[in-house]
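Peer 1: Going from the sequence shown to the working numbering is simple: count from 1 and add 685. Just so it is clear, CB atoms sit at the ideal spot from N, CA and C, and this is done for glycine as well.
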Amino acid sequence: MLSNKEVAQAMEIKLDSVLPEYPVFIEGLRRAPKRDVNLSQDEIELALKNALRYVPEEFHEVVAPEFLEELMTKGRIYGYRFRPEGNIVGKPIDEYKGNCIEGKAFQVMMDNNLDFAISLYPYELVTYGETGQVCQNWMQYRLIKKYLEVLTQDQTLVIHSGHPLGLFHSKPDAPRVIITNGLMVGMFDDMENFNRAAALGVANYGQMTAGGWMYIGPQGIVHGTYSTILGAGRMKLGIKDDLRGKLFVTSGLGGMSGAQGKAVEIAKGVGIIAEVDYSRIVTRHEQGWVSAVAKSPKEAFDLAKDYMEKEETCAIAFHGNIVDLLQYAAENNVHIHLLSDQTSCHEVYTGGYCPQGISFEERTRLLGEDKAKFKELVDETLKAHYEVIKELTSRGTYFFDYGNAFMKAIYDSGIMEISKNGRDDKDGFIWPSYVEDILGPQLFDFGYGPFRWVCLSGKHEDLLKTDKAAMDCIDPERRYQDRDNYIWIKDADDNKLVVGTQARILYQDALGRMRIALKFNEMVRRGEIGPVMLGRDHHDTGGTDSPFRETSNIKDGSNIMADQATHIFAGNAARGMSLIALHNGGGVGIGKSINGGFGMVLDGSTRVDNILKSAMPWDVMGGVARRAWARNENAVSTCVEYNEIYKGQDHITLPYIPKEDLVKKLVAEKLEK
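1) Got a sec, what are the start and stop residues for the beta strand (DSSP E) Ala-1000 sits in?
2) Quick check for students: name the residue ranges of the alpha helix (DSSP H) that lie wholly in the region 868-949, counting only runs of 4 or more.
3) Please classify Leu-756 as buried or exposed, where buried requires at least 16 other C-beta atoms within 10 Å of its C-beta.
4) Arg-766 and Tyr-707 - do their beta-carbons sit closer together than 7 angstroms?
5) Where do the N-terminal and C-terminal ends of the beta strand (DSSP E) with Phe-791 fall, by residue?
6) Below 6 angstroms CB to CB, which residues in the same chain sit around Asp-1288 once its five sequence neighbours on both sides are set aside?
7) Enumerated in chain order, which unbroken segments of the beta strand (DSSP E) with a length of 3 residues or greater are wholly contained in the region 1206-1276?
8) Can you name the residues that DSSP bridges to Ile-840?
9) Tell me whether Met-1101 is buried or exposed, calling it buried when 16 or more other Cβ atoms sit within 10 Å of its Cβ.
10) In the DSSP assignment, the beta strand (DSSP E) including Trp-1138 goes from what residue to what residue?
11) Taking the alpha-carbon positions, what's the Tyr-1013 to His-1022 distance?
12) Cutting at 7 angstroms between CB atoms, please list the residues of its own chain near Arg-969, excluding the five before and the five after it.
13) What three-state label does DSSP hand Ser-1118 in the structure shown?
14) With DSSP run on the structure shown, which of helix, strand or coil describes Ser-1104?
15) Out of Lys-776, His-854, Gly-896, Gln-1193, state which residue places its alpha-carbon closest to the alpha-carbon of Val-1305.
16) Within 10 Å of its beta-carbon, does Gly-1036 have 16 or more other beta-carbons around it, so buried, or fewer, so exposed?
17) If you count every other CB in all the chains shown that lies within 10 Å of the CB of His-1268, and 16 or more means buried, which is it?
18) Are there 16 or more other CB atoms within 10 angstroms of the CB of Ser-912, so buried, or fewer, so exposed?
19) Below 8 angstroms, can you find three or more Cβ-Cβ pairs linking the region 1194-1201 to the region 1296-1310?
20) For Ile-773, which residues in the same chain have their Cβ closer than 7 angstroms to its Cβ, ignoring the five residues on either side in sequence?
21) Considering only the alpha carbon of each residue, which of Asp-1225, Val-1008, Gly-1132, Asp-1064 lies closest to Leu-1077?
22) Could you please give the first and the last residue of the uninterrupted beta strand (DSSP E) stretch that includes Arg-1193?
23) Between the C-alpha atoms of Ala-1247 and Val-1321, what's the straight-line distance to the nearest angstrom?
24) Is DSSP giving Gln-1041 helix, strand or coil here?
25) Say whether chain D places a C-beta atom closer than 7 angstroms to the C-beta of Gly-1036.
26) Cα-Cα, which of Ala-1000, Leu-1024, Ser-1299 is closest to Leu-1011?
27) Measure the C-alpha to C-alpha separation of Gln-821 and Gly-814 and round it to an integer number of angstroms.
28) With Tyr-1071 as the anchor, note down where its alpha helix (DSSP H) starts and where it stops.
29) My assumption, with CB atoms under 8 angstroms, is that Gly-1005 sits in contact with Val-961. Please give the rounded CB distance.
30) Answer yes or no: do Thr-1229 and Ala-1250 have a C-beta to C-beta separation smaller than 7 angstroms?
31) Leaving aside the five residues before and after Arg-716 along the sequence, list all residues of the same chain whose C-beta is less than 8 angstroms from its C-beta, in chain order.
32) Could you tell me if the beta carbon of Tyr-1119 falls within a distance shorter than 6 angstroms of some heavy atom in the ligand MN?
33) Does DSSP put Val-1183 in a helix, a strand or coil?
34) Between which two residues does the alpha helix (DSSP H) containing Gly-1307 stretch?
35) Going by beta carbon distance, what residues of the same chain come within less than 6 angstroms of Glu-950, once the five residues before and after it are set aside?
36) Identify the continuous alpha helix (DSSP H) that holds Leu-724 and give its terminal residues.
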């Protein structure tokens, strides 16, 4: 083996040869609970050696005891000593070092994900979703920053589950960064093996946009949440334009779920959002994402009734357990129009779901001291939650699963009756996923999805200019979806959506995204605005394969396949997107989803124009084509239109539809023989 001195001499990019001072941590900031650390003595030694790989040998005697203490008390080695002091924020792009615009742009995005105002557990690098991390530890963070500072347009940085594998020679129209997170070999693709790998320091849970560095705070999901509850109102309540006088009840005010209050106010309805962590309520109230706080179910429902009668909007945060809130509604005959849940049930036994009857602080204590008791309480609460939803839906409430693995958690806890087919979970559950009934047929099948952008200059005036340009690219008379999106972007600044960097979310279809992207790049070229980072949520038409969420309205049996997300990831690489990411788990848990996203830096060049013309339609239509092949009516019509527009250039295979009676008759006759 080479000596550590020889290894150090062979690397130009490495951690500094000066050990940083241990940072001061601010009291009161949210901290991650202890994670599973079910390791043998040999594995504990391996985890320690894995972390020490990043650190020069002369510091091992100092940091090794620190790392071991972190592993035993926190369940992970975070390398706290290497965390920069104070708050980390996404600064204007010109304040970063770099040899290419992409290297500086990615630093903006990564730092924005760790901002105290955005990050769920900032000291543990968790952006949102209970476990979604930018990378695994602070040594990786520092090393990635160093790589991004020297990255050129002829290189690609490769990231394996947060680990910067290195720079490799490529070309200007290749991705500058390729990221994968938590991709496990099939026979090991389960939570037990993932937790072991994460404790060893070889696996990262990227969630969706956390580990791909494209999270933009709660705004990133607010348009989708607005579209979901508005769509539910149209479909089940007969409303046309807004939710005046209607009540939406749900839970969760964290990263993604924090958008719910703002969305219901934009939809002009009344919302009650239960949250057990009071610090999250304080954050959302200070940010203006909820307007009132209630300490009891009676106070919450009385306040909601007042606003409903006045047909005025209000988002009410209830400090308490969602099951207590719903049981009060059932016992007191309170009618709830729309009901959902957005707790982090993909981490139901590791802190994402708080049992009834205990405080948030007791939840955290039990996670660290008595996991068996915690699991028992979670299962009891899931059963109570299930029973009260059954009661409320029998009285006319419309409940939908919000893609947070809530119904899967109920099923996995042993409540088999939630299965739709009565046998297993392959056909979903007795209540629909929000994608299955709402977003899938109404938006994803047409190609409408969560397009987003960040003005890298950090200037609010640039954001206003892009809002106006995007609005000018939308024809509000084309479809009701376009009218909704036109109104959304017109009112976006008034709705005060920005938390962190100057970012925007806007649902658009394939050609709409391309038109807006090309317009923005032209504006950069003309000097009207600074550079822009484009992206999207992985939660999109084709970004994610997830049978209980994104692909829950695909009924040809392919909902359990991961071809779609993988091909879109690879196709985005081939077409030259600036950053591409592919993750395991997403919003529903390890082994239940494969999801991918991208980042595209607009520098005003014709090179970027050419990439956009090829990559933007592909990124969306790859998913629409798969939905069309599953015989989804709106996806078929969208692909017919696309084939006509791109005749001689692109072509999508379309399905023939057999007569239902023919198939049923033949199968029945055959089985009778």
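Peer 2: In brief:
1) Locating residue 1000 in the sequence shown gives position 315, counting from the first residue. Taken as a continuous stretch (DSSP letters only), the beta strand (DSSP E) holding Ala-1000 covers 999-1004.
2) 876-885, 904-917
3) Taking the sequence shown and counting its residues from 1, the one referred to as residue 756 is at position 71. Classification for Leu-756: buried.
4) Counting from 1 along the sequence shown, the entry for residue 707 is found at position 22. Counting from 1 along the sequence shown, the entry for residue 766 is found at position 81. It is a contact, given that the beta carbons lie within the stated cut-off.
5) Within the sequence shown, residue 791 is the residue found at index 106, counting from 1. Segment 786-798 is the alpha helix (DSSP H) holding Phe-791; no beta strand (DSSP E) there.
6) Start at 1 with the first residue of the sequence shown, and residue 1288 comes out as number 603. Cβ neighbours of Asp-1288 beyond the five flanking positions: Ile-786, Pro-1216.
7) 1217-1221, 1264-1269
8) Numbered from its first residue, the sequence shown carries residue 840 at position 155. With the sequence shown as reference, residue 840 is identified as Gln, and Ile is not the correct amino acid for it. Partner(s): His-854.
9) If you number the sequence shown from 1, residue 1101 lands on position 416. By the 10 Å Cβ count, Met-1101 comes out exposed.
10) Taking the sequence shown and counting its residues from 1, one reaches residue 1138 at position 453. Residues 1134-1140.
11) The count along the sequence shown starts at 1 and reaches residue 1013 at position 328. The count along the sequence shown starts at 1 and reaches residue 1022 at position 337. The straight-line gap from Cα to Cα measures roughly 15 angstroms.
12) On the sequence shown, residue 969 is found 284 positions in, with the first residue counted as 1. These residues qualify, in order along the chain: Leu-938, Gly-943, Gly-946, Val-975, Ala-1002.
13) Sequence index remark: in the sequence shown, residue 1118 carries index 433 (1-based). Of the three classes helix, strand and coil, the one that applies to Ser-1118 here is strand, per DSSP.
14) Reading the sequence shown from its first residue, position 419 is the one you call residue 1104. Correct three-state label for Ser-1104: strand.
15) Your numbering for residue 1305 matches position 620 in the sequence shown. Residue Gln-1193 is the option with its Cα nearest to Val-1305.
16) Mapped onto the sequence shown, residue 1036 falls at position 351. With 16 or more other Cβ atoms within 10 Å, it is buried.
17) Mapped onto the sequence shown, residue 1268 falls at position 583. Buried.
18) One-based indexing of the sequence shown puts residue 912 at position 227. By the neighbour-count rule (16 or more Cβ atoms within 10 Å), Ser-912 is buried.
19) yes
20) The sequence position of residue 773 within the sequence shown is 88, counting from 1. Cβ within range, chain order: Asp-796, Leu-799, Asp-800.
21) Residue numbering aside, residue 1077 sits at position 392 when the sequence shown is read from its first letter. The shortest Cα separation from Leu-1077 among Asp-1225, Val-1008, Gly-1132, Asp-1064 belongs to Val-1008.
22) Counting from one through the sequence shown, the residue named residue 1193 turns up at place 508. This sequence places Gln at residue 1193; Arg is not what is there. Per DSSP, Gln-1193 belongs to the beta strand (DSSP E) from 1188-1193.
23) As a first step, residue 1247 must be located in the sequence shown, where it is residue number 562. As a first step, residue 1321 must be located in the sequence shown, where it is residue number 636. Using only the alpha carbons, I get a separation of about 21 angstroms.
24) What you label residue 1041 is simply residue 356 of the sequence shown in a count that begins at 1. Looking at Gln-1041 - three-state DSSP - the assignment turns out to be coil, as it is neither helix nor strand.
25) No chain D appears in the structure shown, which is made up of a single protein chain.
26) Here residue 1011 is taken as the residue at index 326 of the sequence shown, counted from 1. Residue Leu-1024 is the option with its Cα nearest to Leu-1011.
27) On the sequence shown, residue 821 is found 136 positions in, with the first residue counted as 1. On the sequence shown, residue 814 is found 129 positions in, with the first residue counted as 1. Between Gln-821 and Gly-814, the C-alpha separation is close to 15 angstroms.
28) Translated into the one-based positions of the sequence shown, residue 1071 becomes position 386. Counting along the chain, the alpha helix (DSSP H) containing Tyr-1071 begins and ends at 1056-1079.
29) As a working note, residue 1005 is residue 320 in the sequence shown. As a working note, residue 961 is residue 276 in the sequence shown. Contact holds; Cβ gap of about 7 angstroms.
30) In the sequence shown, counting from the first residue as 1, residue 1229 sits at position 544. In the sequence shown, counting from the first residue as 1, residue 1250 sits at position 565. The answer is yes: Cβ separation under 7 angstroms.
31) The count along the sequence shown starts at 1 and reaches residue 716 at position 31. Taken in chain order, the residues that qualify are Tyr-806, Tyr-808, Glu-809.
32) Ligands are entirely absent from the displayed structure, and the ligand MN is therefore not among its contents.
33) Locating residue 1183 in the sequence shown gives position 498, counting from the first residue. DSSP places Val-1183 in coil when its eight states are reduced to three.
34) Residue 1307 sits at position 622 when you count from the first residue of the sequence shown. Note, Gly-1307: alpha helix (DSSP H), 1291-1314.
35) For the purposes of this step, residue 950 is taken as residue 265 along the sequence shown, with counting starting at 1. Hits under 6 angstroms: Thr-998, Ala-1000.
36) Translated into positions along the sequence shown, residue 724 becomes position 39. Here Leu-724 belongs to no alpha helix (DSSP H), and DSSP marks it neither H nor E.
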